[in-house]
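**Student:** Going down the list, the protein sequences come from chains G and H. Each residue of the first sequence is one higher than the last, beginning at 2 in my numbering. Each residue of the second sequence is one higher than the last, beginning at 274 in my numbering. For glycine and all other residues, C-beta sits at the position ideal for the given N, C-alpha and C. Please find one structure pasted underneath; my questions will follow.
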Amino acid sequence: MTSEARRRTTVRILKRVGLYLGLVVVVVAFAFPFYWMVATSIKTRIDTINPAKWIFSPTLENLTLVFAKRNFLMYLRNSLVTVVSTTLLSLALALPAAYAFARFRFKGKENVAFTVLSLRMLPAMCVVLPYFLLGRFIGILDTSLILIIVYMSFNIPFAIWMLRGFIEDIPIDLEEAAWIDGCTLTRSLFRVIIPLIAPGLAATAIFIVIQSWNEFALALFLTSFQARTLPTMSTMFLSVTGIVWGEMASVGVLTTLPVLIFSLVIQKYMIRGLTFGAIKG
Amino acid sequence: MIVLFIIVIVPMIFLWYVGFTDYDLGKGWDQRHSVGFSNYVRLFSGEDRDFWPAVLTTLIFLASTVSLEFVIGLGVAMLFNRKIAAKAVWMAFLIIPLTITPAVIGLMWKLMYNTEYGVLNFLLNFISAKVNWLGPQSALLSIIIVDVWQWAPFVALMLYAGLQAISTEPYESAVIDGASSLQIFRFITLPLLKPMIIVALLLRSIDALRIFDTVYVLTKGGPGNLTELLSLHVYRVGFEHTGWIGRSSSVAIVLLILATIITTIFMRVVNIARPAAVANKIEERSG
Chain G
2 MTSEARRRTT
12 VRILKRVGLY
22 LGLVVVVVAF
32 AFPFYWMVAT
42 SIKTRIDTIN
52 PAKWIFSPTL
62 ENLTLVFAKR
72 NFLMYLRNSL
82 VTVVSTTLLS
92 LALALPAAYA
102 FARFRFKGKE
112 NVAFTVLSLR
122 MLPAMCVVLP
132 YFLLGRFIGI
142 LDTSLILIIV
152 YMSFNIPFAI
162 WMLRGFIEDI
172 PIDLEEAAWI
182 DGCTLTRSLF
192 RVIIPLIAPG
202 LAATAIFIVI
212 QSWNEFALAL
222 FLTSFQARTL
232 PTMSTMFLSV
242 TGIVWGEMAS
252 VGVLTTLPVL
262 IFSLVIQKYM
272 IRGLTFGAIK
282 G
Chain H
274 MIVLFIIVIV
284 PMIFLWYVGF
294 TDYDLGKGWD
304 QRHSVGFSNY
314 VRLFSGEDRD
324 FWPAVLTTLI
334 FLASTVSLEF
344 VIGLGVAMLF
354 NRKIAAKAVW
364 MAFLIIPLTI
374 TPAVIGLMWK
384 LMYNTEYGVL
394 NFLLNFISAK
404 VNWLGPQSAL
414 LSIIIVDVWQ
424 WAPFVALMLY
434 AGLQAISTEP
444 YESAVIDGAS
454 SLQIFRFITL
464 PLLKPMIIVA
474 LLLRSIDALR
484 IFDTVYVLTK
494 GGPGNLTELL
504 SLHVYRVGFE
514 HTGWIGRSSS
524 VAIVLLILAT
534 IITTIFMRVV
544 NIARPAAVAN
554 KIEERSG
């Protein structure tokens, strides 16, 4: 090997090392806060106020306390009721609309579609006031029902846009073939479209689950006790004095674990979901 | 569509209406009065002393988070745009901040920001520094850091997708022409990435106006009003202590208008991009 070739090899190796070093830095930066929370959740109370202690004997006492003292199961049940109903209803209502946007031609279609999407962009604090007042008049404050209705208001537009993109990806020829064979529009929707967009449908559903599961502001102001969901549990730990760090971290871990698992499942669709189907990454 | 109309449009009209009244949560609904524009006059004339500071804080927050997220996001995207072993595993870590419940992110950082027991000050201890993260000096900086941590991966993922979509041809010819890597970045990568950059930044701007959860959990807009963004101002006027729903609604309307402006720009941009994308697809199919 000539010295020139050897130098080049060294440079290449150094570049690779630098690349992976950079990756490690990035990954640590984005994962560390989460690691820290998980670690805190299994530390004993004394260890939580001693950040110098990197190696500690894990304990489950915080987790047990959260279930025993903080009524965790009630919050969990409320979250599940709200999230499952929101997801199913949003998909059921969005699918026909998405199909119409994807396949039919009508006047001002794009304008209507973008107006629908803009509903998804409303700041939560803008919509919380009218929902709060209207909910008070009808008397459905602090029920899962009002949360479901409100969550549908931003998940239906999202679902319409996502599903529209997935439907447009399917060649129309397939449907035409079904029509020629005597399928009605409804039948072809169920027999042709839905099976073909099944992965997209599942991804959209998971996005709706994550969005409704994570929602905090609306849940905080539209419910007070009965219908509270998991994210609002974080308000238990807002006072500065006497924060029980371990329990706080446990609530955090238990709340985020399901969404983290779900999000890894749909990693492939992440960008598409985060941009409302605008970009098919 | 009708369902959407009922559950979204009706509350919106209601919001506009309430914004013109002096409705107070402490009083009965029938005791409200129509007050015309006086809620808005109060806001813009500076009689509500926290309104303009809230606007300013919102703008600072928006400008700094969006630009930092862009720079870091672009850097990370470039880093990932190479041959990497087990790339999917590395990328999975970027998704953590994006999907964790925002309120929990608030808790998480609260844990790390704590002055006495927080891990950040513990690490800073090695260089003999100590920061009162959520104190008056650095509270705004702290929530900016959290937002950047949470959303830079989003920009990174989008720009990465954009980089992957660029074909290798322009790069090959540039190398043949003897362009330096800086020139390649400046004259090829950036221009080709521009549509993606614009979409990412607009989405981030809209979200910067929407943000509530993390800031509420971390500071509730405090200390004083130092981290009081517009959405936090809506909360404070409407719910905390006062219950002036009428006045709060008018702040919400201002926020709504700001968000709508950015959203409209976003729509325009995507709308231009969309037909082009569809046209590309048709070309692919026939070609």
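Counting contacts by CB-CB distance shorter than 8 Å, is residue 461 of chain H in contact with chain G?
**Tutor:** Taking Cβ atoms only, chain G never reaches closer than 8 Å to residue 461 of chain H, which makes this a no.
**Student:** Just checking: is the beta-carbon of residue 426 of chain H within a distance shorter than 8 Å of some beta-carbon in chain G?
**Tutor:** Answer yes: the Cβ-Cβ gap between residue 426 of chain H and chain G drops below 8 Å somewhere.
**Student:** Taking DSSP as the reference, what is the three-state secondary structure of residue 233 of chain G?
**Tutor:** If DSSP states are grouped into helix, strand and coil, residue 233 of chain G belongs with the helices.
**Student:** By how many angstroms is the C-alpha of residue 338 of chain H removed from the C-alpha of residue 410 of chain H?
**Tutor:** Approximately 18 Å between the Cα atoms of the pair.
**Student:** Taking residue 265 of chain G as the reference, which of H/366, H/487, H/408 has the closest Cα?
**Tutor:** The candidate whose alpha carbon is nearest that of residue 265 of chain G is H/366.
**Student:** Output, in chain order, the set of chain H residues within a Cβ distance shorter than 9 Å of residue 10 of chain G.
**Tutor:** Near residue 10 of chain G there are no residues of chain H at all, since even the closest Cβ is about 17 Å away, more than 9 Å.
**Student:** In three-state terms, what does DSSP make of residue 556 of chain H?
**Tutor:** With a pLDDT of 47 at residue 556 of chain H, under the threshold of 50, the modelled position of this residue cannot be trusted; read the value that follows with caution. Residue 556 of chain H falls in the helix class under three-state DSSP.
**Student:** At a CB-CB cut-off below 9 Å, which residues of chain C make contact with residue 329 of chain H?
**Tutor:** The structure shown contains no chain C; its protein chains are G and H.
**Student:** To which residues does DSSP link residue 294 of chain H through a beta bridge?
**Tutor:** Residue 294 of chain H is bridged to H/307.
**Student:** Would you list, in sequence order, the uninterrupted alpha helix (DSSP H) runs of no fewer than 4 residues that lie entirely inside the region 187-236 of chain G?
**Tutor:** Listed in chain order, the complete alpha helix (DSSP H) runs (minimum 4 residues) inside the region 187-236 of chain G are 199-215, 218-223.
**Student:** Residue 529 of chain H touches chain G at which residues, Cβ-Cβ below 8 Å?
**Tutor:** Going along chain G in sequence order, the residues near residue 529 of chain H (Cβ under 8 Å) are 123, 124, 127.
**Student:** Does the region 536-543 of chain H touch the region 463-479 of chain H, meaning 3 or more C-beta pairs lie closer than 8 Å?
**Tutor:** As far as the Cβ criterion goes, the region 463-479 of chain H touches the region 536-543 of chain H, which means the pair count is three or higher.
**Student:** Just how far apart, CA to CA, sit residue 210 of chain G and residue 159 of chain G?
**Tutor:** Distance between the alpha carbons of residue 210 of chain G and residue 159 of chain G: 12 Å.
**Student:** For chain H, check one thing: does any of its Cβ atoms lie closer than 8 Å to the Cβ of residue 253 of chain G?
**Tutor:** Yes - at least one Cβ of chain H is within 8 Å of the one on residue 253 of chain G.
**Student:** Is there a Cβ of chain H sitting closer than 8 Å to that of residue 37 of chain G, yes or no?
**Tutor:** Answer yes: the Cβ-Cβ gap between residue 37 of chain G and chain H drops below 8 Å somewhere.
**Student:** Name the chain G residues whose beta carbon is nearer than 7 Å to that of residue 376 of chain H?
**Tutor:** Ordered by position in chain G, the residues that pass the 7 Å Cβ test against residue 376 of chain H are 217, 232, 235.
**Student:** What's the C-alpha gap between residue 118 of chain G and residue 341 of chain H?
**Tutor:** C-alpha separation (whole angstroms): 27 Å.
**Student:** For residue 159 of chain G, would you say it is in contact with chain H, using Cβ-to-Cβ distances shorter than 8 Å as the test?
**Tutor:** Judged by the 8 Å Cβ criterion, residue 159 of chain G is not in contact with chain H.
**Student:** How many whole angstroms separate the CB atoms of residue 206 of chain G and residue 83 of chain G, which I take to be in contact at a CB cut-off of 8 Å?
**Tutor:** With a Cβ gap of about 15 Å, residue 206 of chain G and residue 83 of chain G do not count as contacting.
**Student:** Can you grab the Cα-Cα spacing for the pair residue 54 of chain G / residue 36 of chain G, in whole Å?
**Tutor:** In a straight line, the C-alpha of residue 54 of chain G is about 14 Å away from that of residue 36 of chain G.
**Student:** Give me, in chain order, the residues of the same chain whose beta-carbon lies closer than 7 Å to that of residue 125 of chain G; leave out the 5 immediate sequence neighbours on both sides.
**Tutor:** The answer, listed in chain order, is 218, 219.
**Student:** Closest by CA to residue 627 of chain H, which one among H/324, H/291, H/318?
**Tutor:** Residue 627 of chain H is absent from the structure shown; chain H starts at 274 and stops at 560.
**Student:** Which runs of the beta strand (DSSP E) spanning at least 3 residues fall entirely within the region 333-373 of chain H, listed in chain order?
**Tutor:** As far as the region 333-373 of chain H is concerned, it has no whole beta strand (DSSP E) run of at least 3 residues.
**Student:** Work out the CA separation of residue 111 of chain G and residue 319 of chain H for me, nearest whole Å.
**Tutor:** One C-alpha to the other measures close to 40 Å.
**Student:** In chain order, what residues of the same chain lie with their CB nearer than 8 Å to the CB of residue 71 of chain G, ignoring the 5 residues before and after it?
**Tutor:** Taken in chain order, the residues that qualify are 234, 237, 248, 252.
**Student:** CA-CA distance, residue 498 of chain H and residue 482 of chain H?
**Tutor:** Going from the Cα of residue 498 of chain H to the Cα of residue 482 of chain H covers about 17 Å.
**Student:** Residue 404 of chain H lies in the alpha helix (DSSP H); which residues open and close that run?
**Tutor:** No alpha helix (DSSP H) holds residue 404 of chain H; DSSP gives it neither H nor E.
**Student:** Against chain H, which members of the region 126-153 of chain G pass a CB distance test of less than 9 Å?
**Tutor:** Cβ contacts with chain H come from 126, 127, 128, 129, 130, 131, 132, 133, 134, 135, 137, 138, 150, 151, 153.
**Student:** Check each residue of the region 404-422 of chain H: if its Cβ is closer than 8 Å to any Cβ of chain G, include it; give the result in chain order.
**Tutor:** Those would be 422, in chain order.
**Student:** Any C-beta of chain G within less than 7 Å: which residues of the region 506-520 of chain H qualify?
**Tutor:** Within the region 506-520 of chain H, the residues whose Cβ lies closer than 7 Å to some Cβ of chain G are 507, 508, 511, 512, 518, listed in chain order.
**Student:** Touch check for the region 368-383 of chain H and the region 348-355 of chain H: three-plus C-beta pairs under 8 Å?
**Tutor:** The answer is no - the region 348-355 of chain H does not touch the region 368-383 of chain H, with fewer than three Cβ pairs under 8 Å.
**Student:** Buried or exposed, going by whether 16 or more other CB atoms sit within 10 Å of the CB of residue 216 of chain G?
**Tutor:** Classification for residue 216 of chain G: buried.
**Student:** Taking 8 Å as the CB-CB limit, is residue 200 of chain G close to chain H?
**Tutor:** For residue 200 of chain G, the answer is no, since every Cβ of chain H falls outside 8 Å of its Cβ.
**Student:** Please give me, in chain order, every unbroken run of the alpha helix (DSSP H) with length at least 4 that falls completely inside the region 406-455 of chain H.
**Tutor:** Complete alpha helix (DSSP H) runs here, min 4: 412-438, 442-449.
**Student:** When DSSP labels each residue in this structure, what does residue 37 of chain G get in the three-state scheme?
**Tutor:** Residue 37 of chain G falls in the helix class under three-state DSSP.
**Student:** Residue range of the alpha helix (DSSP H) that residue 383 of chain H falls in?
**Tutor:** Looking at the DSSP string, the run of the alpha helix (DSSP H) that includes residue 383 of chain H is 375-386.
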